[in-house]
Every structure is written in C-alpha cells, then in structure tokens.
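Trainee: Take a look at this one; I'll ask things after.
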Amino acid sequence: MDDNFKCIYKILRALEKAMDYTEFELSQIDYHKLEISKERWARYLEMMADIGYIKGIRVYKDITGETVVDNDDIRITLKGLEYLTENSIMQRIYKATKGIKDIIS
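With the working numbering, the residue at position 1 of the sequence shown is 6, and numbering never jumps.
Structural data, given as structure tokens:
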C-alpha cells in the first residue's frame, strides 16, 4: 500500500475508533504522529473533507501564509467508514493472493 494511503487509512481508522468518545484529540493523528510534513498532513485532511470521508474540519492559510487546521468537531462520515471497510477487504485479498503466489513460486 502506498504511504499516502497508509496515512489516510491511519487517520480514518483513528476517527472510526473515536466514535465511542465525546471528544477527539487531533494530536492523535497530527503530522508529528504520522511522521509527515504539516503541509502534506493538511492536504490529506482537506482532500478527505472534500471527498466526504471526514467533516468538522477546515484547512486554510492565515495572513502570514501559515497553514491552519481548524478542528471544530472532526469526525468520520459514512463514506469514510465505507472506505475503511473496502480498504480492509482489499488488503486481506492482497495478502492472501501474495501468500498464494509465494507458495506457488
């Protein structure tokens, strides 16, 4: 799996787990934790919000040009849950076919 999609998966997975709690601490999925740049992290969040995987977040540049992530109430959407489910299934299929290939080779 590509590193970009690994990060996206980790973010969505953390938000899925957070559904059981009243509050979510953004530091659980921040760029430090994911070991990526702040700009890349902000773009991931922005893309996920644009496509409808998450909501309750806004990414913008302030007057100094600094990227700001405004976390009103970040949460995963039904579309984000569907992505996690589909991705988990595809990952299991990939691992199974890779295992079969290794046995045959």
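C-beta atoms are modelled at their ideal positions from N, C-alpha and C, and glycine is treated no differently. Here the structure is a predicted model, which is why all the values come from computation and not from measurement.
What's the C-alpha gap between residue 39 and residue 65?
Mentor: Near 20 Å, if we compare the C-alpha coordinates of residue 65 and residue 39.
Trainee: Between which two residues does the alpha helix (DSSP H) harbouring residue 49 extend?
Mentor: Residue 49 -> alpha helix (DSSP H) spans 43-56.
Trainee: According to DSSP, simplified to helix, strand and coil, what is residue 70?
Mentor: Looking at residue 70 - three-state DSSP - the assignment turns out to be coil, as it is neither helix nor strand.
Trainee: Quick check on the burial criterion: 16 or more other C-beta atoms within 10 angstroms. Buried or exposed for residue 56?
Mentor: Looking at its Cβ environment, which holds fewer than 16 other Cβ atoms inside 10 Å, residue 56 is exposed.
Trainee: Can you tell me the Cα-Cα spacing of residue 90 and residue 71, whole angstroms?
Mentor: Cα to Cα, residue 90 sits roughly 35 Å from residue 71.
Trainee: Hey, how far is the Cα of residue 92 from the Cα of residue 68?
Mentor: Approximately 38 Å between the Cα atoms of the pair.
Trainee: Please say whether residue 50 and residue 62 have beta carbons closer to each other than 8 Å?
Mentor: In this structure, residue 50 lies closer than 8 Å to residue 62 by Cβ.
Trainee: Less than 8 Å between the C-beta atoms of residue 81 and residue 21, yes or no?
Mentor: Contact flag set, yes.
Trainee: How is residue 26 classed by DSSP in three states: helix, strand or coil?
Mentor: Looking at residue 26 - three-state DSSP - the assignment turns out to be coil, as it is neither helix nor strand.
Trainee: For a test of the three-state rule: what should DSSP assign to residue 78, helix, strand or coil?
Mentor: The answer is strand: DSSP assigns residue 78 an E or B state.
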